[in-house]
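Numbering (our numbering), first residue to last: 1 to 143. All residues carry an ideal CB built from backbone N, CA and C; glycine is no exception. Let me begin by presenting the structure, written as structure tokens, before commenting on it.
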């Protein structure tokens, strides 16, 4: 049973099978949000997604990067990502129409950021998440 079903803008329904959420800046003891820190955070999420879901393609939904007009420190200007980082395992019907629907499904692991800790559902998910091109990113797997 899926945690939620997200309807992509293409009309394809995808089921969220597993979701990991964390505070984007949880544990930041010193320093400030900046491009080098954010790039390391994104790279770490992608690595952990590949490790947690081996054999499944991983896609990063490019996050918005807010650059408030604040003092630039030693690491450059302040740059803020949305507050919640997410890694989700999604499933849908097989991509290849020749595959038996009972024996195959398509899968994709997605890394994205969102402002609040809510489970994406229906058409009420982050627009960038709903806009992903499932047919080009996902892969079929045999059950």
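- [ ] Kindly indicate the opening and closing residues of the alpha helix (DSSP H) around residue 41.
- [x] Residue 41 sits at position 41 when you count from the first residue of the chain shown. Unbroken alpha helix (DSSP H) run through residue 41: 35–52.
Open item on the list: If the criterion is Cβ atoms closer than 8 Å, does the pair residue 61 and residue 128 meet it?
Closed with: Looking up residue 61 in the chain shown gives position 61. Looking up residue 128 in the chain shown gives position 128. Yes, they are a contact pair.
- [ ] Find the nearest neighbour of residue 37 within the set 105, 77, 143 and 58, judged by alpha-carbon distance.
- [x] In the chain shown, the residue the question calls residue 37 occupies position 37. It is 77.
TODO: Measure the alpha-carbon distance for residue 7 versus residue 74 and round it to whole angstroms.
DONE: Residue numbering aside, residue 7 sits at position 7 when the chain shown is read from its first letter. Residue numbering aside, residue 74 sits at position 74 when the chain shown is read from its first letter. In a straight line, the C-alpha of residue 7 is about 43 Å away from that of residue 74.
Open item on the list: Can you find the residues in the same chain that come closer than 6 Å, C-beta to C-beta, to residue 189, ignoring five residues on each side of it along the sequence?
Closed with: No answer is possible for residue 189: it lies beyond the span of the chain, which begins at 1 and ends at 143.
Task: Nearest-angstrom Cα separation, counted from residue 91 out to residue 1 - done: Here residue 1 corresponds to residue number 1 of the chain shown, with the count starting at 1. Here residue 91 corresponds to residue number 91 of the chain shown, with the count starting at 1. Distance between the alpha carbons of residue 1 and residue 91 is about 11 Å.
- [ ] Put residue 3 into one of helix, strand or coil per three-state DSSP.
- [x] By 1-based counting over the chain shown, the position of residue 3 is 3. Looking at residue 3 - three-state DSSP - the assignment turns out to be coil, as it is neither helix nor strand.
TODO: Give every residue of the same chain whose Cβ lies closer than 8 Å to the Cβ of residue 23, excluding the five residues on either side of it in the sequence, and list them in chain order.
DONE: Against the chain shown, residue 23 aligns to sequence position 23. Result list for residue 23: 83, 84 and 85, in chain order.
Open item on the list: What does the Cβ neighbour count give for residue 59, buried or exposed, with the cut at 16 atoms within 10 Å?
Closed with: In the chain shown, residue 59 corresponds to position 59, counting from 1. Residue 59 should be labelled buried.
Task: Sheet register partners of residue 75 (DSSP bridge) - done: One-based indexing of the chain shown puts residue 75 at position 75. Residue 75 pairs with nothing; no bridge assigned.
TODO: Could you have a look at residue 115 and say whether DSSP puts it in helix, strand or coil?
DONE: As a first step, residue 115 must be located in the chain shown, where it is residue number 115. In this structure, residue 115 counts as coil in the three-state DSSP scheme.
TODO: Could you tell me the distance, in whole angstroms, from the CA atom of residue 151 to the CA atom of residue 106?
DONE: The chain is shown from 1 up to 143; residue 151 falls before or after that span and cannot be answered.
- [ ] Use the C-beta contact count for residue 68: other C-beta atoms within 10 angstroms, 16 or more gives buried, fewer gives exposed.
- [x] The residue you call residue 68 lines up with position 68 of the chain shown. With fewer than 16 Cβ atoms within 10 Å of its Cβ, residue 68 is classed as exposed.
Open item on the list: Would you call the stretch 44–56 in contact with the stretch 94–110, where contact means no fewer than 3 C-beta pairs closer than 8 Å?
Closed with: yes
Task: Reduced DSSP secondary structure (H/G/I, E/B, other) of residue 67 - done: Position 67 of the chain shown, counting from 1, holds the residue named residue 67. In the structure shown, residue 67 sits in coil (DSSP, three-state: anything other than H, G, I, E or B).
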